[in-house]
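Enquirer: Protein chains in written order, with this note's numbering: chain L, 1 to 107; chain Z, 1001 to 1116.
A virtual CB, placed ideally from N, CA and C, is assigned to each residue, including glycine.
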């Protein structure tokens, strides 16, 4: 199985700041990576797919980058509605695997 | 408009078999390239991919649970099923179905509690 190591586990930032969340795969996943946002009591929502493609309707302050085994999600100009948990997921190979999650709070 | 909805028993006893149904609309699982996955999430924890079935009837399982899982679909290609045998308290989670491979569409989830 491909292991996804996500960091940090939690993050506290001020409104308007830029934050970055990282995911490292245990082997090359050839950009087969997605990022999700999940708010309490809700289903995850897709933000980014193919490592850097913005899903329809997602604000442009979200962006994804990376290649090989290293990937990141950047949120520019943090808004109060961005308070949530964020997860990465590789779909390059079965079994699909998720990162352990990052809980984002506002300072 | 793509929608998915999970249904399940809510609560069941240890050692029983869990049966889940994913009913969807807005796409057909008979369309080439379509895949539906099952994913679960214990409260406060991360997500775990369980199984998937594709338009051709091919099935994929998480090796850590493979011996206990069976995924299937109906002949109308509008429902997908998941059975988990010999459940225990560690199987308590919210169970989601989602359209693969990146999950742009998710159901609302169904909470399953395993308790005696």
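(1) Answer yes or no: does any C-beta atom of chain Z fall closer than 8 angstroms to that of residue 46/L?
(2) Determine, using beta carbons only, whether residue 1112/Z and residue 1009/Z come nearer to each other than 8 angstroms.
(3) What does the alpha-carbon distance come out to for the pair residue 46/L and residue 1076/Z?
(4) Report yes or no: is there a C-beta of chain Z within less than 8 angstroms of the C-beta of residue 95/L?
(5) Are the C-beta atoms of residue 1007/Z and some chain L residue less than 8 angstroms apart?
(6) So what's residue 81/L in DSSP terms, helix, strand or just coil?
(7) Please look up how many angstroms separate the CB atoms of residue 1070/Z and residue 1024/Z, rounded, as I've assumed it's under 8 angstroms.
(8) Measuring CB to CB, does residue 1106/Z end up less than 8 angstroms from residue 1004/Z?
(9) What are the boundary residues of the beta strand (DSSP E) that residue 104/L is part of?
(10) Quick one: is residue 1046/Z near chain L, going by C-beta distance under 8 angstroms?
(11) Short of 8 angstroms in beta carbon distance, which residues of its chain neighbour residue 11/L, apart from the five on each side in sequence? Order them along the chain.
(12) Count the C-beta pairs between the region 1029 to 1040 of chain Z and the region 1077 to 1092 of chain Z that are closer than 8 angstroms, then say yes if the count reaches three, no if not.
(13) Going along chain B, which residues have a C-beta under 8 angstroms from residue 91/L?
Expert: Taking the structure as given:
(1) Along the first chain, read from residue 1 onward, the residue named residue 46/L stands at position 46. By this cut-off, residue 46/L is an interface position.
(2) Numbered from its first residue, the second chain carries residue 1112/Z at position 112. Numbered from its first residue, the second chain carries residue 1009/Z at position 9. It is a contact, given that the beta carbons lie within the stated cut-off.
(3) Walking along the first chain from the start, residue 46/L turns up at place 46. Walking along the second chain from the start, residue 1076/Z turns up at place 76. Those two C-alpha atoms are separated by around 28 angstroms.
(4) As a working note, residue 95/L is residue 95 in the first chain. Residue 95/L counts as touching chain Z.
(5) The residue given as residue 1007/Z occupies position 7 in the second chain. So no, residue 1007/Z is outside the interface.
(6) Position 81 of the first chain holds residue 81/L. For residue 81/L, the three-state secondary structure derived from DSSP is helix.
(7) For the purposes of this step, residue 1070/Z is taken as the residue at position 70 of the second chain. For the purposes of this step, residue 1024/Z is taken as the residue at position 24 of the second chain. The Cβ separation is near 19 angstroms, so there is no contact.
(8) Walking along the second chain from the start, residue 1106/Z turns up at place 106. Walking along the second chain from the start, residue 1004/Z turns up at place 4. In contact: residue 1106/Z and residue 1004/Z (Cβ atoms closer than 8 angstroms).
(9) Along the first chain, read from residue 1 onward, the residue named residue 104/L stands at position 104. Segment 102 to 106, the beta strand (DSSP E) holding residue 104/L.
(10) Here residue 1046/Z corresponds to residue number 46 of the second chain, with the count starting at 1. Cβ-Cβ to chain L under 8 angstroms: yes for residue 1046/Z.
(11) The residue you call residue 11/L lines up with position 11 of the first chain. For residue 11/L, where only same-chain residues beyond five positions count, the Cβ hits under 8 angstroms are 19, 21, 102, 103, 104, 105.
(12) yes
(13) In the displayed structure, chain B is absent; the protein chains listed are L and Z.
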